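There are 2 protein chains.
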Amino acid sequence: MAKVAHVHVSTVSRVLSGQAEAGRITAETAQRIEAVAAELGYRRNTVARALRTGRTLVIGMVVPDVANLYQAGITRAAGDVLARSEYSLLLASTDDDLEHAQAQVVAMLGSQAEGLLYGVARQDDAVLQGLADGGTPVVLFNRTGQVPGVSAVVPDDRAGTRLAVEHLLDLGHRNIVHVGGPEDVSSSIHRLAAFVEMMAAADLHGECRFAERHTEEEGLRITRQLLTESPETTAVVAANDRLALGAIDAIEESGRVCPDDVSVIGFNDMPYADRFTPPLTTVRISQYDLGFRAANLLLKTIEDRDRPVETQLVPAELVVRASTGPVPPAFS
Amino acid sequence: MAKVAHVHVSTVSRVLSGQAEAGRITAETAQRIEAVAAELGYRRNTVARALRTGRTLVIGMVVPDVANLYQAGITRAAGDVLARSEYSLLLASTDDDLEHAQAQVVAMLGSQAEGLLYGVARQDDAVLQGLADGGTPVVLFNRTGQVPGVSAVVPDDRAGTRLAVEHLLDLGHRNIVHVGGPEDVSSSIHRLAAFVEMMAAADLHGECRFAERHTEEEGLRITRQLLTESPETTAVVAANDRLALGAIDAIEESGRVCPDDVSVIGFNDMPYADRFTPPLTTVRISQYDLGFRAANLLLKTIEDRDRPVETQLVPAELVVRASTGPVPPAFS
DNA sequence: CTGTTAGCGCATTCAC
DNA sequence: GTGAATGCGCTAACAG
Numbered sequence: 263m264a265k266v267a268h269v270h271v272s273t274v275s276r277v278l279s280g281q282a283e284a285g286r287i288t289a290e291t292a293q294r295i296e297a298v299a300a301e302l303g304y305r306r307n308t309v310a311r312a313l314r315t316g317r318t319l320v321i322g323m324v325v326p327d328v329a330n331l332y333q334a335g336i337t338r339a340a341g342d343v344l345a346r347s348e349y350s351l352l353l354a355s356t357d358d359d360l361e362h363a364q365a366q367v368v369a370m371l372g373s374q375a376e377g378l379l380y381g382v383a384r385q386d387d388a389v390l391q392g393l394a395d396g397g398t399p400v401v402l403f404n405r406t407g408q409v410p411g412v413s414a415v416v417p418d419d420r421a422g423t424r425l426a427v428e429h430l431l432d433l434g435h436r437n438i439v440h441v442g443g444p445e446d447v448s449s450s451i452h453r454l455a456a457f458v459e460m461m462a463a464a465d466l467h468g469e470c471r472f473a474e475r476h477t478e479e480e481g482l483r484i485t486r487q488l489l490t491e492s493p494e495t496t497a498v499v500a501a502n503d504r505l506a507l508g509a510i511d512a513i514e515e516s517g518r519v520c521p522d523d524v525s526v527i528g529f530n531d532m533p534y535a536d537r538f539t540p541p542l543t544t545v546r547i548s549q550y551d552l553g554f555r556a557a558n559l560l561l562k563t564i565e566d567r568d569r570p571v572e573t574q575l576v577p578a579e580l581v582v583r584a585s586t587g588p589v590p591p592a593f594s
Numbered sequence: 263m264a265k266v267a268h269v270h271v272s273t274v275s276r277v278l279s280g281q282a283e284a285g286r287i288t289a290e291t292a293q294r295i296e297a298v299a300a301e302l303g304y305r306r307n308t309v310a311r312a313l314r315t316g317r318t319l320v321i322g323m324v325v326p327d328v329a330n331l332y333q334a335g336i337t338r339a340a341g342d343v344l345a346r347s348e349y350s351l352l353l354a355s356t357d358d359d360l361e362h363a364q365a366q367v368v369a370m371l372g373s374q375a376e377g378l379l380y381g382v383a384r385q386d387d388a389v390l391q392g393l394a395d396g397g398t399p400v401v402l403f404n405r406t407g408q409v410p411g412v413s414a415v416v417p418d419d420r421a422g423t424r425l426a427v428e429h430l431l432d433l434g435h436r437n438i439v440h441v442g443g444p445e446d447v448s449s450s451i452h453r454l455a456a457f458v459e460m461m462a463a464a465d466l467h468g469e470c471r472f473a474e475r476h477t478e479e480e481g482l483r484i485t486r487q488l489l490t491e492s493p494e495t496t497a498v499v500a501a502n503d504r505l506a507l508g509a510i511d512a513i514e515e516s517g518r519v520c521p522d523d524v525s526v527i528g529f530n531d532m533p534y535a536d537r538f539t540p541p542l543t544t545v546r547i548s549q550y551d552l553g554f555r556a557a558n559l560l561l562k563t564i565e566d567r568d569r570p571v572e573t574q575l576v577p578a579e580l581v582v583r584a585s586t587g588p589v590p591p592a593f594s
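Chains as they are written, first to last, in the numbering used here: chain F, 263 to 594; chain G, 263 to 594.
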C-alpha cells in the first residue's frame with residue numbers, strides 16, 4: 263500500500279486515521295493515498311491497531327440465550343447503540359450455565375474487550391466477582407449481582423410485581439399463588455419479595471413456588487402440581503411470561519379455563535404476548551429501553567472509569583389483556 | 263508475568279499455548295508458570311497473538327435483525343457451533359439496510375474475521391460482491407445471492423411452498439393468493455416461483471402481491487387491499503409467518519374469520535406459532551439446523567479454502583394447525 | 001530444555 | 001510536510 267503510493271507507511275497511517283490536517287499532509291498527497299487505498303481495497307488492520315493503541319472498540323455481551331425473545335430485543339438495542347459509536351459486538355450465549363459463562367468471559371477478556379454487558383448474573387456469581395476484580399468496565403443488565411462496584415440496568419421488579427398483584431386484588435382474587443423464577447437470580451428475588459409484601463399487606467396468605475428455569479416447561483410442571491395441591495387457587499402471578507404460558511397450559515390441561523377459572527399474569531411483555539391464546543396480561547418492561555440504557559451506561563463508564571456506580575431501574579407498566587379476569591363467583 | 267516466574271516470555275508462551283510437551287519444557291517449570299499465571303490472573307493477549315499468527319478465531323455474522331424470532335434461533339445455533347470450536351462471534355444487525363451492512367462488513371473485515379456468515383443477501387448485492395472478491399470465506403444463510411463462488415445454506419423454499427399450496431388445494435381452495443416478500447430476496451423469488459408453478463399446474467390463476475418487508479404491518483397492509491380488490495379470495499399463502507400474522511389481522515379486521523372464511527398459511531414455523539390465535543398452519547424450517555449447518559460449512563471452508571462451493575437445502579415440512587381449513591361452502 | 005531474535009501492522013515521537 | 005525509528009505482546013525459527 264505505502265509502496266504503491268510512493269510514501270512512507272506513517273504517512274498512510276496519518277491520512278487514513280484522519281490526521282491529515284493536524285499532520286499537515288499536502289492535500290495532494292492525502293488524495294493520492296486515499297485513491298490508492300480505495301483502488302486496492304486496502305483497510306487498516308484493526309488487530310494491529312488495537313495492539314498498538316490499546317483500544318479494540320469491542321464490547322462483549324453475555325446473554326443466557328440469544329434465541330430468547332425478550333433478550334433478543336435487549337441485544338438488538340445494545341447492538342444499535344454500540345454500532346453508532348463504532349463499537350463491535352462480541353456476543354456469547356451461555357445457556358445460563360456458569361461454566362459456559364466463565365469460558366466466554368475469559369475469551370472476551372483475552373480479546374481485550376473494552377467493556378462487558380453481563381446478563382447472566384447470579385446471586386453468588388464467581389465469574390462476576392472475578393470480572394469486577396479485573397478492572398474491565400462491566401454493566402449488568404436484567405439481573406443485578408451481589409458484587410459491589412458494578413453498575414446495572416434492571417427492570418423495576420418490585421413496582422412491576424406490585425402492579426400485578428394489585429390488578430388481581432382489584433379483580434377480587436384472594437387465593438393468589440406466585441410462580442417464581444430461579445432463587446439465585448435477583449429479579450426472581452425482588453419479584454418474590456414484592457409479592458409476599460403485597461399479600462401480607464392485604465392480609466392474605468401468598469403461596470410461592472419456584473421454577474428452576476424460565477421456561478414454559480417449568481411453568482407447566484409447577485402449575486400442574488399447584489392445581490392438584492391447592493385447587494382453590496384462582497390466580498397465578500408468574501415471574502415471567504414464559505412461566506405464565508406454561509401455567510396457562512397446565513390450567514387448560516386440567517380442564518379449567520383461563521381466565522374464567524384461573525387468571526394468569528406474566529412479566530416482561532415479550533413480543534407477541536398480545537397474540538397468544540389468550541392474549542397475556544403482563545407487566546411490560548421495555549426491552550429496547552433496557553438494552554439502550556445498559557449499552558450507553560457501559561460506554562460512559564469506559565470513557566470515565568471513575569464514574570460512580572449506579573443501578574438504573576427500567577419502569578414497569580401493567581398491560582391488561584385477556585389472561586386475567588374477575589374471580590369466579592364460587593370464590594368471591 | 264515472565265519476570266515473576268523467572269523465565270523468558272517465550273517459555274511462558276510455550277507453556278500457555280500447550281506446547282509444553284513438544285517444546286520439552288520441564289514439568290516443574292511448566293507448573294511454576296501455570297501457578298504464577300493463575301495467581302496473577304494472567305491471560306494471553308488475543309490481539310497480539312492474532313497479529314502474530316494471523317488467526318483471530320473470530321467469525322462475523324450479519325443478520326437483518328437479531329430481535330427477529332426466526333433468525334434468533336439461527337444465531338443461537340451458529341453461536342453454539344462456533345463456541346465449541348473456540349471461535350468468537352462478532353454479531354451485527356443491519357435492519358436489512360444495505361448501508362449498515364456495508365459498514366458492518368467493512369468493520370468485520372478490518373477486524374480480520376476469519377469468515378463471515380451473511381444473512382442479508384439481496385439479488386444484486388454490491389456488498390456481497392465485494393465480499394466474494396475479497397478472499398474471506400463467506401457462507402450465506404437464509405438467502406442466496408447472485409454471486410458465484412459463495413456457498414449457502416437456505417430453506418428448501420420451493421418444496422415448502424409446494425407443500426403449502428397442495429395443502430390448500432386439498433382443502434378445496436381455488437382462489438388462492440400469494441403474499442410474497444421483497445422481490446430481490448432469493449427466498450421470496452423461489453417461493454413465488456413455486457407458487458406460480460403449482461397454481462398453473464392446477465389450472466388456476468394465482469394472484470401475487472408483494473411486501474416490502476417481512477413484517478406484520480406489511481402483511482396487514484397488503485391483505486387489507488387484497489380483501490377489498492379480490493373479495494373472492496379464500497386462502498392466502500404468505501411468504502413467511504410474520505406476513506401471515508398480518509394477513510390474519512386484516513381478515514379479522516374486515517369482519518371475516520380465519521380459517522372459516524379465509525385460510526392463511528405461513529412459512530418458517532417461528533417460535534410460538536403454535537400459540538397464536540389461531541395457531542398458525544405453516545411450513546416448518548428448522549432454524550437450529552440451518553444455523554448449525556451454515557456455521558459448520560463456514561468452518562470447513564476456512565479449513566479448506568479450495569473446498570467446492572455448495573448450496574445446502576434445509577428440508578421443509580408442513581405443520582397443519584388451525585389457520586387453515588376447508589374452503590367455505592359458498593366457494594366450493 | 002530454554003533463551004535469543006525477529007517481525008506481525010500499525011500509531012506515535014522525533015528528526016529534518 | 002514527510003520519513004525514520006520504536007514498540008505494543010506475542011509466537012516461531014533458530015541457537016545453544
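Glycine included, each C-beta is placed from N, C-alpha and C at the ideal position. If you're wondering where the values come from, they're calculated on a predicted model, not measured in any experiment.
Subject >> Closest Cα partner of leucine 430(G) within the set Val499(G), Lys562(G), Gly443(G), Asp386(G) >> reply: To locate residue 430(G), count along the second sequence from 1; it is residue 168. Per the Cα distances, Val499(G).
Original post:
Taking Cβ positions only, does leucine 360(G) come closer than 9 Å to chain F?
Top reply: Residue 360(G) sits at position 98 when you count from the first residue of the second sequence. Chain F contact via Cβ: absent.
Subject >> Nearest residue (CA-CA) to alanine 456(F), options Glu474(F), Glu480(F), Glu428(F), Gly434(F) >> reply: One-based indexing of the first sequence puts residue 456(F) at position 194. The candidate whose alpha carbon is nearest that of alanine 456(F) is Glu428(F).
Original post:
Is the shortest distance between the beta-carbon of phenylalanine 538(G) and the beta-carbons of chain F less than 9 Å?
Top reply: Within the second sequence, the letter at position 276 stands for residue 538(G). For phenylalanine 538(G), the answer is yes, since a Cβ of chain F falls inside 9 Å of its Cβ.
**OP:** Assuming methionine 323(F) contacts alanine 299(F) (C-beta within less than 8 Å), just tell me the rounded distance between them.
**Re:** What you label residue 323(F) is simply residue 61 of the first sequence in a count that begins at 1. What you label residue 299(F) is simply residue 37 of the first sequence in a count that begins at 1. No, methionine 323(F) and alanine 299(F) are not in contact; Cβ-Cβ is about 32 Å, not under 8 Å.
Subject >> Contact with chain F by glutamine 374(G), beta-carbon distance below 9 Å >> reply: For the purposes of this step, residue 374(G) is identified with residue 112 of the second sequence, where counting begins at 1. So yes, glutamine 374(G) belongs to the interface.
Original post:
When Cβ atoms are compared, which residues of the segment 298-313 of chain G fall closer than 8 Å to chain F?
Top reply: Gly303, Arg305, Arg306, Asn307, Thr308, Val309, Ala310, Ala312, Leu313
**OP:** Report yes or no: is there a C-beta of chain G within less than 9 Å of the C-beta of aspartate 522(F)?
**Re:** As a position in the first sequence, residue 522(F) is number 260, starting the count at 1. No, its Cβ sits nowhere closer than 9 Å to a Cβ of chain G.
Subject >> Three-state secondary structure assigned by DSSP to histidine 429(F) >> reply: Locating residue 429(F) in the first sequence gives position 167, where the first residue counts as 1. Looking at histidine 429(F) - three-state DSSP - the assignment turns out to be helix.
Subject >> Contacting residues, own chain, Cβ-Cβ under 6 Å from arginine 426(F) (five flanking each side not counted) >> reply: As a working note, residue 426(F) is residue 164 in the first sequence. One detail in the question is off: residue 426(F) reads as alanine in this sequence, not arginine. So the qualifying residues of the chain are Val499, Ile527, Val545.
Original post:
According to DSSP, what are the bridge partners of alanine 506(F)?
Top reply: For the purposes of this step, residue 506(F) is taken as the residue at position 244 of the first sequence. Paired residues: none, contrary to the question.
Original post:
Can a CB atom of chain F be found closer than 9 Å to the CB of leucine 482(G)?
Top reply: Residue numbering aside, residue 482(G) sits at position 220 when the second sequence is read from its first letter. Not an interface residue.
Original post:
Would alanine 509(F) be called buried (16 or more neighbouring beta carbons within 10 Å of its own) or exposed?
Top reply: Along the first sequence, one-based indexing puts residue 509(F) at 247. Looking at its Cβ environment, which holds 16 or more other Cβ atoms inside 10 Å, alanine 509(F) is buried.
**OP:** Measure from the alpha carbon of glycine 396(F) to the alpha carbon of each residue in Val415(F), Leu371(F), Leu344(F), then state which is nearest.
**Re:** Residue 396(F) sits at position 134 when you count from the first residue of the first sequence. Looking at the Cα atoms, Leu371(F) is the closest of the given residues.
Subject >> Check whether valine 320(F) and leucine 560(F) have beta carbons under 9 Å apart >> reply: Residue 320(F) sits at position 58 when you count from the first residue of the first sequence. Residue 560(F) sits at position 298 when you count from the first residue of the first sequence. Contact flag unset, no.
**OP:** Taking 8 Å as the threshold, find out whether the segment 401-414 of chain G comes into contact with the segment 368-386 of chain G through three or more Cβ pairs.
**Re:** yes
Original post:
Does the segment 561-578 of chain F come close enough to the segment 408-425 of chain F to have 3 or more Cβ pairs within less than 8 Å?
Top reply: yes
Original post:
Using a beta-carbon distance cut-off of less than 8 Å, what residues from the segment 326-338 of chain F approach chain G?
Top reply: Asp327, Val328, Ala329, Asn330, Leu331, Ala334, Gly335, Thr337, Arg338
**OP:** Compute the Euclidean distance between the alpha carbons of valine 409(F) and aspartate 386(G), then round it to the nearest angstrom.
**Re:** Within the first sequence, the letter at position 147 stands for residue 409(F). Within the second sequence, the letter at position 124 stands for residue 386(G). The straight-line gap from Cα to Cα measures roughly 51 Å.
Subject >> Expected contact under 8 Å - CB spacing of valine 309(G) and glutamine 374(F) to nearest Å >> reply: Translated into positions along the second sequence, residue 309(G) becomes position 47. Translated into positions along the first sequence, residue 374(F) becomes position 112. That belief holds up - the Cβ atoms of valine 309(G) and glutamine 374(F) are roughly 5 Å apart, short of 8 Å.
Original post:
Cα separation between leucine 352(G) and histidine 435(F)?
Top reply: One-based indexing of the second sequence puts residue 352(G) at position 90. One-based indexing of the first sequence puts residue 435(F) at position 173. One C-alpha to the other measures close to 49 Å.
**OP:** Using a Cβ-Cβ cut-off of less than 8 Å, give me the residues of the segment 503-515 of chain F that come near chain G, in sequence order.
**Re:** Leu507
Original post:
Among Gln333(G), Tyr349(G), Glu491(G), which one has its Cα closest to the Cα of isoleucine 564(G)?
Top reply: In the second sequence, residue 564(G) corresponds to position 302, counting from 1. Nearest of Gln333(G), Tyr349(G), Glu491(G) to isoleucine 564(G), Cα basis: Tyr349(G).
Original post:
Would serine 275(F) pass as a contact of arginine 306(F) if the rule is Cβ separation under 9 Å?
Top reply: Locating residue 275(F) in the first sequence gives position 13, where the first residue counts as 1. Locating residue 306(F) in the first sequence gives position 44, where the first residue counts as 1. Yes. Within cutoff.
**OP:** Have a look at the DSSP bridge pairing and note the partners of methionine 323(G).
**Re:** On the second sequence, residue 323(G) is found 61 positions in, with the first residue counted as 1. Leu353(G), Leu379(G), per the DSSP bridge assignment.
Original post:
Helix or strand or just coil, what does DSSP make of asparagine 558(G)?
Top reply: Your numbering for residue 558(G) matches position 296 in the second sequence. Helix at asparagine 558(G).
Subject >> Three or more C-beta pairs below 8 Å linking the segment 523-541 of chain F and the segment 527-542 of chain G >> reply: yes
Subject >> Assigned secondary structure, glycine 481(F) (DSSP; H/G/I helix, E/B strand, else coil) >> reply: Translated into positions along the first sequence, residue 481(F) becomes position 219. Glycine 481(F): helix per DSSP, three-state reduction.
Original post:
If you run the structure through DSSP and keep just helix, strand and coil, what is leucine 466(F)?
Top reply: In the first sequence, counting from the first residue as 1, residue 466(F) sits at position 204. In the structure shown, leucine 466(F) sits in coil (DSSP, three-state: anything other than H, G, I, E or B).
Original post:
So which residues on chain G does threonine 318(F) lean against when the C-beta distance must stay under 7 Å?
Top reply: In the first sequence, counting from the first residue as 1, residue 318(F) sits at position 56. Residues of chain G passing the Cβ test: Val309.
**OP:** Starting from the Cα of arginine 567(F), find the closest Cα among Ser413(F), Val382(F), Leu331(F), Leu278(F) and give me that residue.
**Re:** In the first sequence, counting from the first residue as 1, residue 567(F) sits at position 305. Looking at the Cα atoms, Ser413(F) is the closest of the given residues.
Subject >> leucine 278(F): contacting residues in chain G (beta-carbon distance under 8 Å) >> reply: Taking the first residue of the first sequence as 1, we reach residue 278(F) at position 16. Those within 8 Å of leucine 278(F) in chain G number zero; the least Cβ separation is about 11 Å.
Subject >> Cβ-Cβ distance between valine 325(F) and glutamine 333(F) below 9 Å >> reply: Locating residue 325(F) in the first sequence gives position 63, counting from the first residue. Locating residue 333(F) in the first sequence gives position 71, counting from the first residue. The answer is yes: Cβ separation under 9 Å.
Original post:
Could one say the Cβ of glycine 381(G) lies closer than 9 Å to chain F's Cβ atoms, at least one of them?
Top reply: The residue given as residue 381(G) occupies position 119 in the second sequence. False, the Cβ-Cβ gap to chain F never drops below 9 Å.
**OP:** Examine chain G for any beta-carbon lying closer than 9 Å to the beta-carbon of aspartate 342(F), and answer yes or no.
**Re:** To locate residue 342(F), count along the first sequence from 1; it is residue 80. Closer than 9 Å to some Cβ of chain G, the Cβ of aspartate 342(F) qualifies, so yes.
Subject >> 3 or more residues per run - each beta strand (DSSP E) lying fully within the segment 531-583 of chain F >> reply: 544-547, 573-576, 578-581
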